[in-house]
Every structure is written in structure tokens, then in C-alpha cells.
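Presented below is the structure to which this report refers.
There are 2 protein chains.
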Amino acid sequence: MKSNEMDKAIKDILANGALKVNGSLWVEGNGKRFFGPGPVELLELIQETGSINQAAKKMKMSYKKAWELINNLNNMSGSPLVITSTGGDNGGGSAISEEARQLIAYHRELRVRFSKFLEEETQRLK
Amino acid sequence: MKSNEMDKAIKDILANGALKVNGSLWVEGNGKRFFGPGPVELLELIQETGSINQAAKKMKMSYKKAWELINNLNNMSGSPLVITSTGGDNGGGSAISEEARQLIAYHRELRVRFSKFLEEETQRLK
DNA sequence: ATTCGTTATATCTTATTGAATATAACGATC
DNA sequence: GATCGTTATATTCAATAAGATATAACGAAT
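As you go down the protein sequences, you meet chains A and B in turn. The numbering of the first sequence is UniProt numbering, which starts it at 1 and goes up by one. The numbering of the second sequence is UniProt numbering, which starts it at 1 and goes up by one.
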């Protein structure tokens, strides 16, 4: 079967023709998922707000879940990605480390290339 | 910061250096996930065994879950991907449609290209 | 008619996940 | 030392997902 024949057939499989190739990427360490889209957004918001609490609220994520996520990241990572401080002028706060900034930057680039890949693959379906 | 500098820094983030880029791909229809790695394997096993039941067992998946998965696929798809028959010489059985075979073939090709993509991205971390 | 293994379905239980709430510790500022 | 908003943690409740079990219907073969 030729390639365009097959693509046409697949296109006909769904009633509504809005077919799309999509996916998700992450960085693994020791076989365990380490860094995906969720953490990236959370770290970015911590950088922006200076607070786990506020970052979680902006993501409509519970503080507990955000904290557990960060705790995992920090435990899996050699050096902590989020530096927290309790007490102080405005009750404390959090900042992200240089490593975290690098991870964010890397993942951003990765996503750009991945988007391109997904677009190309979606094109093959049309 | 130059690219190799950053990659080196990221490599140092995890204590154990076994960093890897990984991910998952699927085909979406109408914004809803339609066809991922799980269904592919199940369909392949149905093709191989001629039975939802046996396919599910080989995947260590409950029959219920397998059936629901297939039911979803058949409902979302214009033409059914799995054709079932009840009763008969050996109690019945199931076969996959031509469309299913095409989807499997397409997804297989897709995964090959995706593996290459992942390998390239993993290489950037080393 | 009986047997067979399968599909199809319902029900119940269990496990996992997530949300919600409460509270202690913290330390700079006033 | 009282206040403040935050981190850190435990506990409880709700919702969702997964698993286990049971059973009817089916139809070819015997």
C-alpha cells in the first residue's frame, strides 16, 4: 500500500476529520520521570512570584501537591531546584536555583523542537 | 551561555548521570486522545490471539478495562476497529478491522521516527 | 439439549488520587 | 513580643480509578 493511500484511509477512520498527532516529553533520571511540563510551569511561576503558595494558586494546584512535586524534584536532583525560606519580612518565600533556570531553558528549547516534530507528523495525516 | 556549557550543567544536576529524554505520542481526534501505545499493543494482541480475553491476559489487563478501551475506540472511530462475535465453535472471538491494521502500521512508523527524535535529544544531553 | 469459551454487562470492593482543613515553626518588621 | 504570610506536615474526606466477582447471551459442535 502506498503511503498516501494509507494516510487517506486513516484520515477516514474518525468521523470528524480533526486528526492530530500530539504527545508529551520529559527528562528521565535513573529511569524515573524527572522533569515534565508540569514542573516547568510551576518553577516558572515560583520564579515569577517568589512563593510556592502563589505559584500553586496561579496553577489552580493545591499547595500540598505543589510542595510534594517540588520536594520530589529536590530529592531527585543533586542540588535543589527550589530554595525555600521560612519566616522573615513577608513570611518567607522561595526562589529557584541556577540549575532550575537551566532546566527550564533547556526544556523550552526541547518543546520548540518537539512542536516542530508534532507539526510535521500531523501534516502527514492531511 | 553557550550550548555545550548548558548541557554540561544540566548533566550535573542529577547525582546519577543517567539522563534521558523520553516521551509519549498519540493520535488525537476532536481534541481527545484517541490512539496511544496501550491500544496499539492491545490491538496487536487481539490480532494475534483472536480474543479480547486472551489479549487482555497477555497484557495483564483486566478484561473489563480492555473491553472499555475497545468500546471507546469503536465509538470514537467511524468504523469499528475491533469486530467481535459471540458464541460459535470456540465461544466466539474478535478480529481487528483493516482500519485497525492501518492505524497500527501508521503508529509503528510514527514510533520509529519518534525514537530517532528522542535519541537525538538525549544525545544533546551527553 | 449440553458443552464450550467468549462477549457483554452489572455490582461490589479496594486502592489510588486529589481536595480541604488545621496547625506548628519560622524570622524580619514594627 | 505581637503580627504577618509562608513553609512544612498531618489528618480527614471525597472523588476517581482499578480490580474482583458474578452472570446472562450467544451459537457452532458434539
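The beta carbon of each residue, even a glycine, is placed where N, CA and C say it ideally should be.
Asked	Found
Unbroken stretches of the alpha helix (DSSP H), 4 residues or longer, contained in the region 12-64 of chain A	37-49 and 52-58
C-beta neighbour in chain A for Val112/B, strict 9 Å	no
Nearest-angstrom Cα separation, counted from Leu118/A out to Asn74/B	25 Å
Buried versus exposed call for Arg33/A [16 or more other C-beta atoms within 10 Å across all chains shown]	exposed
Three-pair Cβ contact test at 8 Å for the region 76-88 of chain B versus the region 98-105 of chain B	yes
For Arg113/B, three-class secondary structure by DSSP	helix
Beta-carbon proximity list for Ala55/B, same chain, < 7 Å, skipping 5 on both sides	Leu42, Leu45, Ile46, Thr49 and Ala66
Chain-order list of residues whose beta-carbon lies under 8 Å from that of Glu5/A (same chain, five-residue window excluded)	Because the pLDDT of Glu5/A is 48, which lies under 50, any placement of that residue in the model is unreliable, and the question is left without a value.
Test: Met1/A CB closer than 9 Å to a CB of chain B	Low local confidence applies: a pLDDT of 42 at Met1/A is under 50, so the model's placement there is unreliable, with the coordinate-based value given in what follows. So yes, Met1/A belongs to the interface.
Status (buried if at least 16 other CB within 10 Å, exposed otherwise) for Tyr106/A	buried
Proximal residues to Lys58/B (C-beta, below 6 Å), its chain only, five neighbours per side dropped	Leu45
7 Å Cβ cut-off: residues of chain B touching Ser24/A	Gly23 and Ser24
Short CB-CB distance (under 9 Å) between Leu125/B and chain A	yes
Residues within the region 40-58 of chain A neighbouring chain B, beta-carbon criterion of under 9 Å	none
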